[in-house]
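Scroll down for the structure; my scribbles are underneath it.
In the working numbering, the protein residues as written are 106 to 310.
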């Protein structure tokens, strides 16, 4: 299994797509920066503190991971350990096979994207459907996300409408509201038929 960071994938896009990703990312960054400076006296200090907290956690995983495991177990959760992406995929597969599950719906989780969990499961006969709209579009196009928060920043609505028509989600229509509604209707049926749901977590305590 070969892992490719999202930012690395973005650099391989055609020049016009790279320009689109850059411009959209730049615009989002400028808006977020303005909002932060409007609300906080020193947002750069907040970023520094957040970075320090994250780095501290990474450097002390041997302390924090067992503590998290104990807390999760106390709340009734079962914890499975995996040292590699492949091991994590295998653990998910074992859990599903033990219950005869063949259909999964996935909320947005960057870890599962990085370890290519959906592809791993699909190769073994398990449907693993993305439910985040951007990730869903990436999936039906057999593409890769180009941004960690906005995965289809490199696509326009005409491309998405073409993909939806190809996948049988309705006749070509590039109206954003129509695209969203069609995805919602399609995914609702998948939610109701799923055996397993999977989500990620930014913070665990």
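Beta carbons: idealized from backbone N, C-alpha and C, even for Gly.
**OP:** Run through the stretch 273-300 for me and flag every whole beta strand (DSSP E) of 3 or more residues, listed as ranges in chain order.
**Re:** Taking only runs of at least 3 residues, no beta strand (DSSP E) segment lies wholly in the stretch 273-300.
**OP:** Take residue 183 and list the residues in its own chain whose beta-carbon comes closer than 7 Å to its own, dropping the five residues that flank it on each side.
**Re:** Correct list: empty, nothing qualifies.
Original post:
How about residue 301 and residue 215: are their beta carbons less than 8 Å apart?
Top reply: In this structure, residue 215 does not lie closer than 8 Å to residue 301 by Cβ.
Subject >> Nonlocal neighbours in the same chain, by C-beta distance under 7 Å from residue 148, ignoring five residues either side >> reply: Its chain contains 141 and 142 as the residues whose beta carbon lies nearer than 7 Å to that of residue 148, once the 5 sequence neighbours on both sides are disregarded; these appear in chain order.
Subject >> Nearest-angstrom Cα separation, counted from residue 258 out to residue 230 >> reply: Those two C-alpha atoms are separated by around 30 Å.
**OP:** Count the other CB atoms, across all protein chains shown, that sit within 10 Å of the CB of residue 239; report buried if there are 16 or more and exposed otherwise.
**Re:** Residue environment: residue 239 is assigned as buried (16 or more neighbouring CB atoms within 10 Å of its CB, all protein chains considered).
Original post:
Could you check where the alpha helix (DSSP H) with residue 216 kicks off and where it finishes?
Top reply: It spans 215-219 - the alpha helix (DSSP H) in which residue 216 sits, taken as one unbroken run.
Original post:
Would you say residue 243 reaches chain D, if we count a Cβ-Cβ gap shorter than 8 Å as a contact?
Top reply: Here there is only one protein chain, and chain D is not present.
Original post:
Expressed to the nearest angstrom, what Euclidean distance is found between the alpha-carbon atoms of residue 124 and residue 136?
Top reply: Residue 124 and residue 136 have their C-alpha atoms some 18 Å from each other.
Original post:
Ordered along the chain, which non-local residues of its own chain (more than five positions away) have a Cβ less than 7 Å from that of residue 246?
Top reply: These residues qualify, in order along the chain: 268.
Subject >> Beta-carbon contacts of residue 252 that lie in its chain and below 6 Å, excluding the five residues immediately before and after >> reply: Excluding residues within five positions, the ones whose Cβ falls inside 6 Å are 258.
**OP:** Give the single residue among 262, 254 and 145 whose Cα lies nearest to the Cα of residue 213.
**Re:** Ranking the options by Cα distance to residue 213, first place goes to 254.
Original post:
Should the stretch 159-177 be called in touch with the stretch 191-201, which here means at least 3 C-beta pairs below 8 Å?
Top reply: Taking a cut-off of 8 Å for Cβ pairs, the stretch 159-177 and the stretch 191-201 do not touch, as fewer than three such pairs fall below it.
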